[in-house]
Ligand code: SF4
């Protein structure tokens with residue numbers, strides 16, 4: 003039985019490792035659906051970056067991808083997170099709800115991957131809806147097949163990372179297949195679920211014009227996609243790779259230039275996307 007910890011405030015940039023050594027491997031994690039307990043990296047209280055308005059952002063542990071540009075490799079494993087009850091999160095959410103409501107905000111559940119511990123994510127989102135809060139997840143979409151109707155009905159917004167349009171590049175970037183993400187995007191389009199697509203721009207890895215065009219043309223016809231957000235690669239997570247003794251493939255990669263960022267945003271706009 004895992005030791006129950008406390009929900010402590012922090013930041014996505016905090017290094018958290020080894021908090022729950024007895025946790026299962028994330029690829030073997032069997033969700034009981036009830037989600038009374040889960041593994042959490044940290045939470046931030048005043049983000050204006052992860053959805054509309056002022057947000058509380060909960061970073062869950064567990065991800066099945068291994069992105070070469072990942073800023074938070076300490077969210078990959080459940081064993082690195084703190085094991086807490088959903089009630090702790092919900093109680094904390096209740097104390098912030100008046101401020102979040104007054105600033106047109108809500109909660110965003112990020113990761114890691116928000117759908118590894120789907121039951122836990124669902125339970126918190128359902129409680130947030132009861133509080134009248136706007137709800138969002140950030141996801142790669144790789145586990146989109148797990149998102150059942152009741153789960154989706156608790157969500158106001160999906161922030162979907164489409165890391166590449168080319169299966170080979172996607173595998174090179176993430177170690178996984180692209181198809182599940184595209185299938186999830188199509189399903190969200192079919193049900194008209196609001197989506198913000200996020201694309202991480204990494205020079206020499208994802209910046210190929212054909213790669214960008216592929217995403218732009220896939221997304222442009224989707225009326226539910228409110229924004230395409232181009233996120234410039236940065237090196238703020240490099241220290242985590244180093245501290246965790248991981249081989250960081252992008253050690254010498256520079257952030258994209260303003261000219262490259264403009265080119266990519268313009269590519270999305272030229273295809274008919276609302277991009278920023
Ligand atoms: S999906 Fe996100 S958390 Fe997972 S490896 Fe990629 S960037 Fe990191």
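In the working numbering, the protein residues as written are 3 to 278.
Glycine included, C-beta positions come from ideal geometry on N, C-alpha and C.
Residue i Cβ short of 6 Å to ligand 1 heavy atom set
i, result
"residue 67", "yes"
"residue 142", "yes"
"residue 77", "yes"
"residue 113", "yes"
"residue 72", "yes"
Backbone secondary structure at residue i - three-state DSSP
i, result
"residue 147", "helix"
"residue 48", "strand"
"residue 216", "helix"
"residue 28", "coil"
"residue 78", "coil"
"residue 273", "coil"
"residue 115", "coil"
"residue 90", "helix"
"residue 227", "strand"
"residue 234", "strand"
"residue 197", "strand"
Endpoints, the alpha helix (DSSP H) within which residue i is located
i, result
"residue 68", "No alpha helix (DSSP H) holds residue 68; DSSP gives it neither H nor E."
"residue 120", "120-132"
"residue 171", "169-176"
"residue 186", "181-193"
Identified DSSP bridge partners for residue i
i, result
"residue 267", "Note: residue 267 sits in no beta bridge, so no partner."
"residue 104", "Residue 104 is not bridged to any residue."
"residue 140", "161"
Residues of its chain near residue i, where Cβ-Cβ distance is below 8 Å and the 5 sequence neighbours each way are ignored
i, result
"residue 206", "255"
"residue 29", "66"
Endpoints, the beta strand (DSSP E) within which residue i is located
i, result
"residue 14", "Per DSSP, residue 14 belongs to no beta strand (DSSP E) and is neither H nor E."
"residue 57", "57-62"
6 Å Cβ shell around residue i - same chain, five flanking residues per side excluded
i, result
"residue 17", "76, 242, 245"
"residue 266", "203, 214, 232"
Residues of its chain near residue i, where Cβ-Cβ distance is below 7 Å and the 5 sequence neighbours each way are ignored
i, result
"residue 15", "238"
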